[in-house]
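Those protein sequences? They're chains Z and W, same order as listed.
If you number the first sequence the way the numbering used here does, the last residue is 135 and the count never jumps.
If you number the second sequence the way the numbering used here does, the last residue is 880 and the count never jumps.
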Amino acid sequence: MKRITLGEFEELVLLITASLEGDAYGVTITQEIEKQSGRSVGFNTVHTTLQRLEEKGFIVSEMGGASAERGGRRKRYFTLTAMGIKAIRQVRELREKIWKVLPAKFLGLAGN
Amino acid sequence: MSKNTLPPRWAQQLLKRFSAQATREEVEGDLRELFLLWVKQYGLRKARWKYIRTVFTVLRPFQSSKRSSTPTPTLATQMMMILSYFKMSWRTLLKNKVTSLINISGLTIGLTTSILILLVVMDELRYDQFHQELNSLHVLMRNQKTNDGISTGESTAGPMAAALRTDFAEVKYAARVAGFGGEQLNVNDKITYESGIYADPDLLRMMTFPSVSGNAVSTLEQGNGVVVTRSMATKLFADTNPIGQLIVFNKHHALTVGAVMEDVPVYSSIRFDLIIPFSVFEKENEWLKKWDDNRITTYVQLHSSADLPLFNSKMTRLLQERSEDKTVTQFAYPFKDLYLHGSFSNGHPDGGRITVVYMLTGFGAFMLLIACINFMNIATAQSEYRAREVGVRKVLGASRKGIAFQFLNESFLITSLSLVTALSLVYLVLPSFNTMTHASAQLHLTRFTLWAALMGIVMITSLVAGSYPALFLSRFLPVKVLKGRITDLKGGGLRKGLVTFQFIISIFCLISTIIMYSQFDYVQHRPMGYEQKNLIDIRLDSTLSSKFGYLKNEAARLPGIRSVTGGSGNILYSGGSVTGMDWTGKRDGEELSIVVTDVDYNWTTTIGLPLVAGRDFEPQFASDSSSCLINESAVAKMGLTNPVGSVVGGHTVVGVFQNFVYNNPFGSIAPMAVFLQPNTVRHLYLRVDDTHNWKSTLDTIEKMCKQISPEHPFQFRFTQEEYQQHFHEMADTSLMISIFAGMTIFISCLGLFGLSGFVAEQRSKEMSIRKVFGAGILRVLISLSQDFLRPVFYALVLVIPLSVWVARWVLSHFNYRVPLRWWMFASGGTLILAVALIIVLYHGWRTAQENPVTRLRNE
Numbered sequence: 024m025k026r027i028t029l030g031e032f033e034e035l036v037l038l039i040t041a042s043l044e045g046d047a048y049g050v051t052i053t054q055e056i057e058k059q060s061g062r063s064v065g066f067n068t069v070h071t072t073l074q075r076l077e078e079k080g081f082i083v084s085e086m087g088g089a090s091a092e093r094g095g096r097r098k099r100y101f102t103l104t105a106m107g108i109k110a111i112r113q114v115r116e117l118r119e120k121i122w123k124v125l126p127a128k129f130l131g132l133a134g135n
Numbered sequence: 022m023s024k025n026t027l028p029p030r031w032a033q034q035l036l037k038r039f040s041a042q043a044t045r046e047e048v049e050g051d052l053r054e055l056f057l058l059w060v061k062q063y064g065l066r067k068a069r070w071k072y073i074r075t076v077f078t079v080l081r082p083f084q085s086s087k088r089s090s091t092p093t094p095t096l097a098t099q100m101m102m103i104l105s106y107f108k109m110s111w112r113t114l115l116k117n118k119v120t121s122l123i124n125i126s127g128l129t130i131g132l133t134t135s136i137l138i139l140l141v142v143m144d145e146l147r148y149d150q151f152h153q154e155l156n157s158l159h160v161l162m163r164n165q166k167t168n169d170g171i172s173t174g175e176s177t178a179g180p181m182a183a184a185l186r187t188d189f190a191e192v193k194y195a196a197r198v199a200g201f202g203g204e205q206l207n208v209n210d211k212i213t214y215e216s217g218i219y220a221d222p223d224l225l226r227m228m229t230f231p232s233v234s235g236n237a238v239s240t241l242e243q244g245n246g247v248v249v250t251r252s253m254a255t256k257l258f259a260d261t262n263p264i265g266q267l268i269v270f271n272k273h274h275a276l277t278v279g280a281v282m283e284d285v286p287v288y289s290s291i292r293f294d295l296i297i298p299f300s301v302f303e304k305e306n307e308w309l310k311k312w313d314d315n316r317i318t319t320y321v322q323l324h325s326s327a328d329l330p331l332f333n334s335k336m337t338r339l340l341q342e343r344s345e346d347k348t349v350t351q352f353a354y355p356f357k358d359l360y361l362h363g364s365f366s367n368g369h370p371d372g373g374r375i376t377v378v379y380m381l382t383g384f385g386a387f388m389l390l391i392a393c394i395n396f397m398n399i400a401t402a403q404s405e406y407r408a409r410e411v412g413v414r415k416v417l418g419a420s421r422k423g424i425a426f427q428f429l430n431e432s433f434l435i436t437s438l439s440l441v442t443a444l445s446l447v448y449l450v451l452p453s454f455n456t457m458t459h460a461s462a463q464l465h466l467t468r469f470t471l472w473a474a475l476m477g478i479v480m481i482t483s484l485v486a487g488s489y490p491a492l493f494l495s496r497f498l499p500v501k502v503l504k505g506r507i508t509d510l511k512g513g514g515l516r517k518g519l520v521t522f523q524f525i526i527s528i529f530c531l532i533s534t535i536i537m538y539s540q541f542d543y544v545q546h547r548p549m550g551y552e553q554k555n556l557i558d559i560r561l562d563s564t565l566s567s568k569f570g571y572l573k574n575e576a577a578r579l580p581g582i583r584s585v586t587g588g589s590g591n592i593l594y595s596g597g598s599v600t601g602m603d604w605t606g607k608r609d610g611e612e613l614s615i616v617v618t619d620v621d622y623n624w625t626t627t628i629g630l631p632l633v634a635g636r637d638f639e640p641q642f643a644s645d646s647s648s649c650l651i652n653e654s655a656v657a658k659m660g661l662t663n664p665v666g667s668v669v670g671g672h673t674v675v676g677v678f679q680n681f682v683y684n685n686p687f688g689s690i691a692p693m694a695v696f697l698q699p700n701t702v703r704h705l706y707l708r709v710d711d712t713h714n715w716k717s718t719l720d721t722i723e724k725m726c727k728q729i730s731p732e733h734p735f736q737f738r739f740t741q742e743e744y745q746q747h748f749h750e751m752a753d754t755s756l757m758i759s760i761f762a763g764m765t766i767f768i769s770c771l772g773l774f775g776l777s778g779f780v781a782e783q784r785s786k787e788m789s790i791r792k793v794f795g796a797g798i799l800r801v802l803i804s805l806s807q808d809f810l811r812p813v814f815y816a817l818v819l820v821i822p823l824s825v826w827v828a829r830w831v832l833s834h835f836n837y838r839v840p841l842r843w844w845m846f847a848s849g850g851t852l853i854l855a856v857a858l859i860i861v862l863y864h865g866w867r868t869a870q871e872n873p874v875t876r877l878r879n880e
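As structure tokens, then:
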């Protein structure tokens, strides 16, 4: 199986794109990342990351939804490809596998 | 949507032009949307900022398209392409030797002139820049109302500086300065005559004239010290230490050298080698205490907080309170503007040397433009040959951009080569250029500004010269040009236009030169109004002046001397003018600036000046010491109906003499009043016989003078010779202008030579066919040359009205001006037309002479 490598930010963008299901384009993705993570990200970072993810085949895009407030320009909507979905799953599985073997004190149940 | 809630337009444009094409639409849209969100969140200002910042982060100016199929060339291939461009340019250069030579020599001459002009202009701009406090330095100027308008000069009353220093808070320093020339210095029994300045110590506090040794400021404060420059110290004391040495100034001031200064930079508008404390001058001249005598210059340094208009009005108020003249105004003029913008008309600055700077710069630019036109014309004329090359290149995949770049590269190479030859030419001609024009331009190849300017010139020149051929030649469609000849040789019309333009400038230069020379010649031969020939002027010092009566009587007895007189001033540069003089019938508010000079008896007869009315001063009238003579101009300006007997400045007019030329031979003759004052004469005038051996007479007079004042060097001059020296400098200037004009014409003709030769070659087959069908040599010549003579002819028609207009305008600045004649314009035009004809016919003749067989054999 081909190994999937995702950077930390790429993973974030991919997850947010998935969460926005059907309404994922530059603006909403940037806004959502800021909202969820609380950190301020530049539009250009998101934009280049999206392009990179598309090149790698994790997402596909299609144009549509022009509006007046966009000066009549269409949006580029992003949706995850099968490979993209597989990628975020893999990341999650890996995380969970490791969390399972972590000593109890990391689980945050003891309240320290 | 209101305009205010839109992002900055320029940023949007930037985004539209330089973002990656593939994602342009959504990025533009996304940013518009984000902008609106930002406006809500942060306000408009911050939103705009954020928008601009974001735009810059998404610009991809060098990325044509992510999805395009051509890979971006690597750096190595790009370098290789550039090298190949150079190689191709070099080969083209070598292949077309004649045209390359024409281009390079034209550009070389253009660049040489431009560089010379650049050096002169850079020199001019450097003036006075070395003063550290330059921006706060001012010179006091004075506006004086006269009947001819307001006259402005750097003159101040003696007590002004002291008053400024004590009563004006905005003045940091104030210094009085007066120049002197040819005063006697006794140093260790040696006598020399030197010029220098009298100055207050504040002068050295505000201006940057560094000392080598000693304290210059305190030396000037002492009142018995003297400051010398390094070169003056060497001249006076050779190798001994100058500090503490004694100099006897003007026979009775013993002064000690207290400080040695660096030589005054060449680029200084104040020049001296010797500074005498102003107090020395002050003690001897009572008039320095008066508020109405304005013969010295005052420099001030103002505090940075000073309000200049307020300061000026305060100064004017002070001056008008103290002075008798209530119309004078005083103002501080920035010292940094004095050199370049030092000319005033009617109380307002109206240029000065800056006009020359602008004119020179314009001229240099035109010269380069003409050389550029040569390049453009020849390149487009050659297009037929180059077309095939372009076609092949395009077939092999060259882009239009690449081909344009190659042609630009060619012009860059030619311009650079020309720069190298031009620089060496400048290096060679600079010394003679400097002596010829009395300039002090130098080629400092280590100076950054020079190189920046040179690079600028090269870049602009190669762009101007190369851009048209580059655009024109890169446009060819490969299929068309490779299939056969391009019959439609576009660019011919433009080429003719450019040739016309070149010749407009050339003819204009030539006509200007002709008119300039006629004007100088006209002035040089201006009727003087008196007998200049055989008039000798002998300078007297104070000792000789006190014995003037004796000297005059002795001289008059000598053989060959017709008549003798004396005067306070040189007849050619008659003294200073005064205002505030009264005359009979003077109306209120009328003011006139009148030149005054003192003379002895026999003045009009000796200098050969005819009297229009009345009589000369005569010894039998004792009252003549309170009489005066005036010139016709004074009569006219004062409006005297009955001049003899009227009173001017408290003196009764006894005679009116004819106007004669003095001071400025170009100007109108200013009013003059002459007083009888045999005690103040400094010049002895002799009228000698034409045939007489004046040399021996002068020897006798020299012996007499040496007896009375052994230390005074005997100096005499023929007034006529001295007058002619006026014109030496003018001759230098006109020589320079005519050289420049000649170069312009040369470049234009060079271009015409190249172009006509080229076209004659191109049309040689056509001409051969014409000959085969029976055309005569004349027919061939006409057919070949009319294409080129027409633009020259058009230029002639266009330029003549233009040059008439310009000549009228320029000459209107001179009061004494040559009347414009039709031949001045016709001769210039005809000359150029003749040269053009010869050039064109030269090629035409060769073509016409050819045996048609040689050209048609291969067909």
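Glycine included, each C-beta is placed from N, C-alpha and C at the ideal position.
Compare the C-beta of residue i against all C-beta atoms of chain Z and say whether one is closer than 8 Å.
i: V60/W; result: no
i: T401/W; result: no
i: G64/W; result: no
i: L55/W; result: yes
Between residue i and residue j, what straight-line distance do the alpha-carbon atoms span, to the nearest angstrom?
i: I264/W; j: V278/W; result: 5 Å
i: T319/W; j: H159/W; result: 9 Å
i: K87/W; j: S40/W; result: Since pLDDT at K87/W reaches only 46, below the 50 mark, its modelled position is unreliable, and the value read off the structure follows with that caveat. Using only the alpha carbons, I get a separation of about 11 Å.
i: K554/W; j: S689/W; result: 22 Å
i: Q427/W; j: A419/W; result: 11 Å
i: S646/W; j: E345/W; result: 26 Å
i: G587/W; j: L705/W; result: 5 Å
i: R838/W; j: V827/W; result: 14 Å
With distances taken from CA atoms, which of the options is nearest residue i?
i: M228/W; options: E215/W, V520/W and E283/W; result: E283/W
i: G363/W; options: E46/W, R163/W, V411/W and L464/W; result: R163/W
i: E305/W; options: G570/W, Y543/W, V208/W and G179/W; result: G179/W
i: A694/W; options: P686/W, H672/W and I760/W; result: H672/W
i: L650/W; options: Y489/W, V349/W and V665/W; result: V665/W
i: T564/W; options: Y622/W, F356/W, G412/W and V702/W; result: V702/W
i: R867/W; options: K658/W, T337/W, L805/W and S584/W; result: L805/W
i: V142/W; options: I559/W, L206/W and A460/W; result: A460/W
i: E77/Z; options: Y100/Z, T53/Z, G65/Z and G94/Z; result: Y100/Z
Given that a residue counts as buried once 16 or more other Cβ atoms are within 10 Å of its Cβ, and exposed if not, what is residue i?
i: P731/W; result: exposed
i: R126/Z; result: The sequence shown places Pro at residue 126/Z, not Arg. It is exposed - the Cβ of P126/Z has fewer than 16 other Cβ atoms within 10 Å.
i: S90/W; result: Unreliable positioning characterises S90/W in this predicted model, as indicated by a pLDDT of 45, which lies under 50. A coordinate reading is not provided.
Looking at residue i: is its Cβ nearer than 8 Å to the Cβ of residue j?
i: L466/W; j: L451/W; result: no
i: G676/W; j: D619/W; result: no
i: Y538/W; j: S824/W; result: no
i: K422/W; j: N156/W; result: no
i: T627/W; j: S584/W; result: yes
i: A184/W; j: L339/W; result: yes
i: G131/W; j: G772/W; result: no
i: A32/W; j: V60/W; result: no
i: T250/W; j: D294/W; result: yes
i: E154/W; j: Q322/W; result: yes
Looking at chain W, is there any beta carbon in it that lies within less than 8 Å of the beta carbon of residue i?
i: Q113/Z; result: no
i: F81/Z; result: no
i: K98/Z; result: yes
Between residue i and the ligand COA, is there a pair consisting of the residue's CB and a ligand heavy atom that are separated by less than 7 Å?
i: V142/W; result: The ligand COA is absent from the structure shown, which contains no ligands of any kind.
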